[in-house]
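Under our numbering, residues 225 to 754 are what the sequence shown spells out, in order. Note that beta-carbon positions come from the ideal geometry of N, C-alpha and C, so glycine has one too. Read through the structure below, which is laid out as structure tokens, and then see the notes.
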Amino acid sequence: MFIVGLMFGCGSDKGITRFNSTPETSIISHFDGDTILEGFTTTVRGSVSDPNHSNETLNVRWYVDEHEACSGLGTEDGIVTCDIVFEQDDSELIIQVADPEGAAASQSISLNVAPTDPPIALIFSPTLDGTYYDGSYVTFEGRITDTEDAEETLTAVWNSSIDGDLEVDTAPDSEGDILGAAYLSEGEHFIKLTVTDSSGKQGSESVVINVGPPNNPPQCSINAPEHGFEMREDEPVILEGTAQDPDIPNELLYVEWSSDIDGVLGSSIPDSSGDAQLSLSGLSPGVHLITLTVQDDQDISCSDNISIDVEIGNYPPVLEEVLISPDTDTFVGDTRTCSYTFSDPDGDSVTATYDWNNDTTGTWLGSQQEITIDETMVTPEDILSCTVTITDPDGATDGSSKTFILRNSPPTVTSVTITPSAGVHTESTLSCSATASDPDVDIANFSYQWSVGSNTIALTDVITLNPSQVQPLDILTCTATATDSLGAAQTDTASVSIENTAPTVASVSINPNPAYEQDILPCSPNGAID
225 MFIVGLMFGC
235 GSDKGITRFN
245 STPETSIISH
255 FDGDTILEGF
265 TTTVRGSVSD
275 PNHSNETLNV
285 RWYVDEHEAC
295 SGLGTEDGIV
305 TCDIVFEQDD
315 SELIIQVADP
325 EGAAASQSIS
335 LNVAPTDPPI
345 ALIFSPTLDG
355 TYYDGSYVTF
365 EGRITDTEDA
375 EETLTAVWNS
385 SIDGDLEVDT
395 APDSEGDILG
405 AAYLSEGEHF
415 IKLTVTDSSG
425 KQGSESVVIN
435 VGPPNNPPQC
445 SINAPEHGFE
455 MREDEPVILE
465 GTAQDPDIPN
475 ELLYVEWSSD
485 IDGVLGSSIP
495 DSSGDAQLSL
505 SGLSPGVHLI
515 TLTVQDDQDI
525 SCSDNISIDV
535 EIGNYPPVLE
545 EVLISPDTDT
555 FVGDTRTCSY
565 TFSDPDGDSV
575 TATYDWNNDT
585 TGTWLGSQQE
595 ITIDETMVTP
605 EDILSCTVTI
615 TDPDGATDGS
625 SKTFILRNSP
635 PTVTSVTITP
645 SAGVHTESTL
655 SCSATASDPD
665 VDIANFSYQW
675 SVGSNTIALT
685 DVITLNPSQV
695 QPLDILTCTA
705 TATDSLGAAQ
715 TDTASVSIEN
725 TAPTVASVSI
735 NPNPAYEQDI
745 LPCSPNGAID
């Protein structure tokens, strides 16, 4: 900063001295030590003023290090600007102002210039192993991104080593994706995608592709069945055809089968020789125009067609219900019959097969319509079933099952015996025993009850009577209960009569003894017991 002074004289012994003021300046957009991005246009601002000159007469210069960046006059409001693209090695920003008389001032600040990243270019299409043709569009797809710039501010260009810069749309979406198409000449191309950001930095990616001669259409034909083939609607059919292409492997062709009645039937992948087939069932009745359409990678297609006459087919029977009769609880030894009801849309008769099974054990029991439950087949509480399958004359079938539970059969008491069975008195000792049988499980135990009328006098198999319990001529009953291992029980009884016992006399005495005529003789028993 410097000050220039000017002096003016008038006469030899008196004069007027005039001083020029120094202008003032400062950088107001940035501060010492600020960071600036490399390569981007940065606007710097400063202020200039002078006490004795108007701002518009001041000369202003901006420097980056020692290199002048901008120059010009000040503005009425004293705010001056300069657009500068900083390089990575720049370190100092200077503003300098001078008035018309040469007085000058300056300010400088140090800046850190941060390096920026170049943009990135990615090529998704075309690819090295792609197939491309002269006269057919080639798709150009990629992605351009940058660390500092928004994707939509980036510019990109596709270039071919043969065709030069290509007229392909490169406007990116918000993700940076670009998509376009162009024609390429036949030959080997070095394709390069170059992207440029706002700082002028560039990124690129490249790929080598081969563009062949113009595309040839695929060739196709239907080999089977023959034209006019007749079938029933419930029958399967295999469509067979050939799909071949001179430019790409046959496996890359898209093969579709369709019907003018049922629409698209399905697609096939041809093998390396071009053979393709599709298995079908359930075509609607009617005369179908079956079309084979083959499409290559350029959407060029060929087609062939035949007619197939599909006649109304057989409708399967419907098994409506399986019946087990009689519909009562089932026990070992019972006989059960399996029957069914059905309907058939065609009015056909049906034949039936039967399968009896123990579903609990998974054991097959028989195939007759009627079965007798054998104890060797089952255990009480097993779930048994009869499965019926019906078949119409065309071989269509339907089936269903009915299940039922085998109930436990109670035991049968075959005999009850009281020993002794005669000569029973009020003080006799008696025992009661029973035998029983069970058709399906073991007998778990026997229990006994002694009673006179409605009065129970004991719950054991052996009893010793006393006169407090029974009287002569009473009927003593033993009730025997047999219980099986599943808790089912049955009872039976036996009875004996309590007999009367004759009294006994130990001796008879007559007093007086001896006796004489006219004596009164009393006779008395001694030791009478009953």
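In whole angstroms, what separates the C-alpha of residue i from that of residue j?
i, j, result
"glutamate 545", "isoleucine 614", "12 angstroms"
"threonine 600", "serine 591", "17 angstroms"
"isoleucine 368", "isoleucine 402", "8 angstroms"
"glycine 677", "aspartate 708", "28 angstroms"
"methionine 455", "asparagine 440", "37 angstroms"
"phenylalanine 453", "glycine 465", "15 angstroms"
"glutamine 443", "glutamate 457", "30 angstroms"
"leucine 504", "threonine 621", "21 angstroms"
"aspartate 643", "leucine 630", "Looking at the sequence itself, residue 643 is threonine, so the reference to aspartate does not match. The straight-line gap from Cα to Cα measures roughly 39 angstroms."
"isoleucine 462", "proline 470", "26 angstroms"
"leucine 261", "glycine 436", "47 angstroms"
"serine 330", "serine 384", "53 angstroms"
"aspartate 553", "asparagine 582", "16 angstroms"
"alanine 328", "serine 245", "9 angstroms"
"valine 424", "threonine 259", "This sequence places glycine at residue 424; valine is not what is there. Rounded to the nearest angstrom, the two C-alpha atoms are 19 angstroms apart."
"proline 438", "alanine 395", "29 angstroms"
"aspartate 551", "threonine 596", "15 angstroms"
"glutamine 312", "glycine 302", "30 angstroms"
"proline 736", "proline 727", "27 angstroms"
"tryptophan 580", "tyrosine 564", "14 angstroms"
"valine 362", "glycine 263", "35 angstroms"
"tryptophan 286", "phenylalanine 255", "15 angstroms"
"serine 430", "aspartate 533", "56 angstroms"
Please work out which residues of its chain come closer than 7 angstroms, Cβ to Cβ, to residue i, disregarding the five sequence neighbours upstream and downstream, and give them in chain order.
i, result
"alanine 706", "Pro635, Val637, Ala658, Ala660, Ile667, Phe670, Ala713, Gln714"
"glycine 270", "Thr249, Ser250, Ile251, Ile252, Val304, Ile319"
"serine 645", "Val720"
"valine 574", "Pro541, Phe566, Asp568, Ile614, Thr615, Asp616"
"threonine 561", "Ser549, Gln593, Glu594"
"leucine 476", "Asp521"
"histidine 451", "Ile530, Ser531"
"glycine 400", "Arg367, Ile368, Thr369, Glu375"
Please classify residue i: is it buried, with 16 or more other beta-carbons within 10 angstroms of its beta-carbon, or exposed?
i, result
"glycine 571", "exposed"
"phenylalanine 243", "exposed"
"glutamine 522", "buried"
"tyrosine 356", "buried"
"valine 228", "No answer about valine 228 holds up, because its pLDDT of 28 lies below 50 and its placement is not dependable."
"alanine 322", "buried"
"glutamine 519", "buried"
"histidine 512", "buried"
"isoleucine 536", "exposed"
"glycine 647", "exposed"
"isoleucine 722", "buried"
"threonine 418", "buried"
"leucine 547", "exposed"
"leucine 697", "exposed"
Cutting at 6 angstroms between CB atoms, please list the residues of its own chain near residue i, excluding the five before and the five after it.
i, result
"valine 309", "Thr265"
"valine 432", "Phe414"
"phenylalanine 364", "Trp382, Val392, Gly404"
"serine 508", "Ile485, Asp486"
"cysteine 656", "Ile642, Tyr672, Asp685, Cys702"
"leucine 745", "Ile734, Ala739"
"aspartate 606", "Asn582, Thr584, Leu630"
"serine 675", "Thr701"
Suppose the cutoff is 8 angstroms on Cβ atoms and the five residues either side in sequence are ignored; what does the same chain contact list for residue i look like?
i, result
"threonine 515", "Trp481, Ser482, Ser483, Asp484, Ser527, Asp528, Asn529"
"glutamate 459", "Ser505, Gly537"
"leucine 683", "Ser671, Tyr672, Gln673, Trp674"
"asparagine 434", "Tyr356, Gly411, Glu412, His413"
Am I right that residue i and residue j are in contact with their C-beta atoms under 8 angstroms? What's the rounded C-beta distance?
i, j, result
"serine 295", "valine 284", "7 angstroms"
"alanine 467", "proline 449", "Between proline 449 and alanine 467 the Cβ distance is about 17 angstroms, and since that is not below 8 angstroms, they are no contact."
"aspartate 353", "glutamate 316", "55 angstroms between Cβ atoms; not a contact."
"proline 350", "glycine 427", "Between glycine 427 and proline 350 the Cβ distance is about 19 angstroms, and since that is not below 8 angstroms, they are no contact."
"glycine 623", "threonine 611", "6 angstroms"
"leucine 689", "serine 652", "5 angstroms"
"aspartate 664", "serine 633", "5 angstroms"
* Secondary structure, beta strand (DSSP E): runs of 3+ residues fully inside the region 462-506 -> 478-483, 487-492, 499-504
* Of all the beta strand (DSSP E) runs that stay within the bounds of the region 657-709, which reach a length of 3 or more residues? -> Unbroken beta strand (DSSP E) stretches of 3 residues or longer found wholly inside the region 657-709: 667-676, 679-682, 686-688, 699-708, given in chain order.
* **Start-end ranges of the beta strand (DSSP E) lying completely within the region 256-306, minimum 3 residues** => 258-261, 265-273, 283-288, 291-297
* Asked: Fully enclosed by the region 512-536, which beta strand (DSSP E) runs are 3 residues long or longer?
  -> Secondary structure within the region 512-536: the beta strand (DSSP E) runs of 3 or more consecutive residues, fully enclosed, are 525-535 (chain order).
* Identify every run of the beta strand (DSSP E) within the region 528-604, keeping only runs that are complete inside it and at least 3 residues long; order them along the chain. => 542-549, 559-567, 575-582, 587-590, 594-596
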